[in-house]
Amino acid sequence: MKTFVFLINCLFAIHCHSQQNYTPKVMLAVETYAFLKGQSSALQKVAIQFPSLKNDVALVQKNAIIHGRAQRNIEKFLKDELKDTQFKLLQKNIDSLINQQLKNPIEDEKYAKDFLKKVKDKIRFSYDTISEKGIMSFAYLDAPHQEFADGHTMHFSTEDHPKAEESIVKIPIPRSWNAEEAQMPATIQQFTSHDGRGDEKILIVMHELSEEDQNLRLNEQTISEMIAPESKIIRTEKVKIDGLPGVMAEIEEIIDFDTDKKKVRMLQFMFIHKQKLYCLQGSVGPAPLHHNLGHQLRKYEPLFRLVAAGTDVVH
Numbered sequence: 025m026k027t028f029v030f031l032i033n034c035l036f037a038i039h040c041h042s043q044q045n046y047t048p049k050v051m052l053a054v055e056t057y058a059f060l061k062g063q064s065s066a067l068q069k070v071a072i073q074f075p076s077l078k079n080d081v082a083l084v085q086k087n088a089i090i091h092g093r094a095q096r097n098i099e100k101f102l103k104d105e106l107k108d109t110q111f112k113l114l115q116k117n118i119d120s121l122i123n124q125q126l127k128n129p130i131e132d133e134k135y136a137k138d139f140l141k142k143v144k145d146k147i148r149f150s151y152d153t154i155s156e157k158g159i160m161s162f163a164y165l166d167a168p169h170q171e172f173a174d175g176h177t178m179h180f181s182t183e184d185h186p187k188a189e190e191s192i193v194k195i196p197i198p199r200s201w202n203a204e205e206a207q208m209p210a211t212i213q214q215f216t217s218h219d220g221r222g223d224e225k226i227l228i229v230m231h232e233l234s235e236e237d238q239n240l241r242l243n244e245q246t247i248s249e250m251i252a253p254e255s256k257i258i259r260t261e262k263v264k265i266d267g268l269p270g271v272m273a274e275i276e277e278i279i280d281f282d283t284d285k286k287k288v289r290m291l292q293f294m295f296i297h298k299q300k301l302y303c304l305q306g307s308v309g310p311a312p313l314h315h316n317l318g319h320q321l322r323k324y325e326p327l328f329r330l331v332a333a334g335t336d337v338v339h
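Start counting the sequence shown at 25; every next residue gets the next number (our numbering).
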């Protein structure tokens with residue numbers, strides 16, 4: 025019983041990798057879905073085998089609001105991503121694995137109590153584990169900004185970062201997003217949704233202004249001169265970042281990949297501080313050229329705005 029949750033996650037992940045060629049995001053959904061269904065079944069087993077713990081189980085189930093929301097969102101997501109036959113087979117495989125894991129009685133009530141404590145810790149998101157990031161990312165799948173609004177954030181600081189050139193800027197990031205080193209020299213750090221398996225990114229970019237750009241003024245004209253040739257500005261808006269005047273620009277960029285071209289839609293929040301040009305960029309994509317990324321960007325725009333509004337320019 026003590027190892028149930030670990031086994032249900034790892035064994036099923038291995039099984040799925042051997043059976044299907046899922047995208048990373050779908051794979052995360054599958055792993056998280058198996059984890060949540062397994063946890064739910066284990067709680068039911070505890071309540072049945074140890075009636076004295078029924079109230080404790082009921083309290084845990086009542087408090088697991090985010091877990092329930094995540095499971096519902098995953099089911100909807102998988103139904104959209106998979107064929108009906110694939111989804112039914114997936115559920116059958118999960119149920120079979122759960123039944124196999126739970127076929128034997130729990131050896132001691134102490135193990136059941138330990139399991140309840142671990143579930144309580146997960147409900148409080150006490151640890152920064154892969155399963156918790158998966159749960160959180162799908163719980164807020166339909167409203168990404170709500171994760172931020174509910175206080176599930178971490179803070180990144182450019183202090184002592186080799187690309188930051190002694191500047192110190194702090195930005196809040198949703199906890200379910202994964203920090204990754206960026207390849208582009210001017211990008212200090214990038215973050216990817218769904219624990220690094222999603223298509224949405226947040227970047228913090230910094231450029232040292234040359235002497236001839238010392239008096240640069242940010243507006244639609246100057247921004248249009250900065251962006252790539254195959255990019256277009258959709259709209260601009262004056263904003264403030266930690267009290268500093270700036271501009272938000274919505275841009276769509278076409279990118280060359282190995283075999284074809286794809287596009288990315290982004291919001292760039294730009295401001296100048298101490299002769300450095302900063303850009304906080306939130307993006308969705310890449311996607312085929314015929315896709316309309318406007319709806320996806322509208323979904324993530326409230327989150328990207330919250331990140332920009334919460335940015336602290338220290339030095």
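Just so you know, even glycine gets a beta-carbon here, dropped at the ideal spot from N, CA and C. Given the structure is predicted, the values throughout are model-derived calculations rather than measurements.
The criterion of a C-beta distance shorter than 8 Å is satisfied by I147 and A88. Here the alpha carbons of N117 and Q110 stand approximately 10 Å from one another. Ranked by Cα distance from L140, the first of E189, L121, A82 is A82. Close CB contacts of G220 within its chain, under the 7 Å cut and outside five residues either way in sequence, are with N202, E204 (chain order). Looking at the backbone, the Cα of I228 and that of Q305 are separated by about 6 Å. Boundaries cannot be given for R199, as no alpha helix (DSSP H) includes it and DSSP labels it neither H nor E. Assignment of K300 by DSSP, reduced to helix, strand and coil, places it in the strand class.
Of the candidates E276, A173, A71, N79, the residue whose Cα lies closest to the Cα of R329 is A173.
The count of Cβ pairs closer than 8 Å, one atom from the region 241-250 and one from the region 192-201, stays below three, leaving the stretches out of contact. Q292 and A333 have their C-alpha atoms roughly 13 Å apart.
For R93, the enclosing alpha helix (DSSP H) covers residues 89-105.
Where E277 is concerned, the enclosing beta strand (DSSP E) starts and stops at 268-280.
A straight line joining the alpha-carbon of F74 with that of R96 spans about 28 Å. As DSSP reads the structure, I257 sits in a beta bridge with I275.
Comparing alpha carbon positions, the residue from Y302, Q170, N123, N79 closest to I265 is Y302. L227 has Q214, Q305 as its beta-bridge partners, per DSSP.
The C-alpha of D280 is placed about 25 Å away from the C-alpha of M294.
DSSP places T335 in the coil class of the three-state scheme, outside both helix and strand.
The beta strand (DSSP E) runs of length 3 or more contained entirely in the region 159-195 are, from start to end of the chain, 177-181.
Per DSSP, L242 lies in no alpha helix (DSSP H) segment and is marked neither H nor E. The beta carbon of G158 sits closer than 7 Å to the beta carbons of L52, E55, T56, D219 from its chain, once the five residues preceding and following it are set aside; these are given in chain order. In terms of Cβ geometry, V143 and V193 do not form a close pair [threshold 8 Å].
Taking A136 as the centre and dropping the five residues before and after it, the same chain places the C-beta of M25, V70, Q73, F74, L77, I130 closer than 8 Å to its C-beta, in chain order. In the same chain as V50, and ignoring 5 residues on each side of it, the C-beta atoms closer than 6 Å to its own belong to E105, in chain order. Burial state of M272 is buried, judged by a 10 Å Cβ sphere holding 16 or more other Cβ atoms. T335 sits buried, since 16 or more C-beta atoms from the chains shown fall within 10 Å of its C-beta. Selection P196, H231, S64 evaluated against M208 yields H231 as nearest (Cα-Cα).
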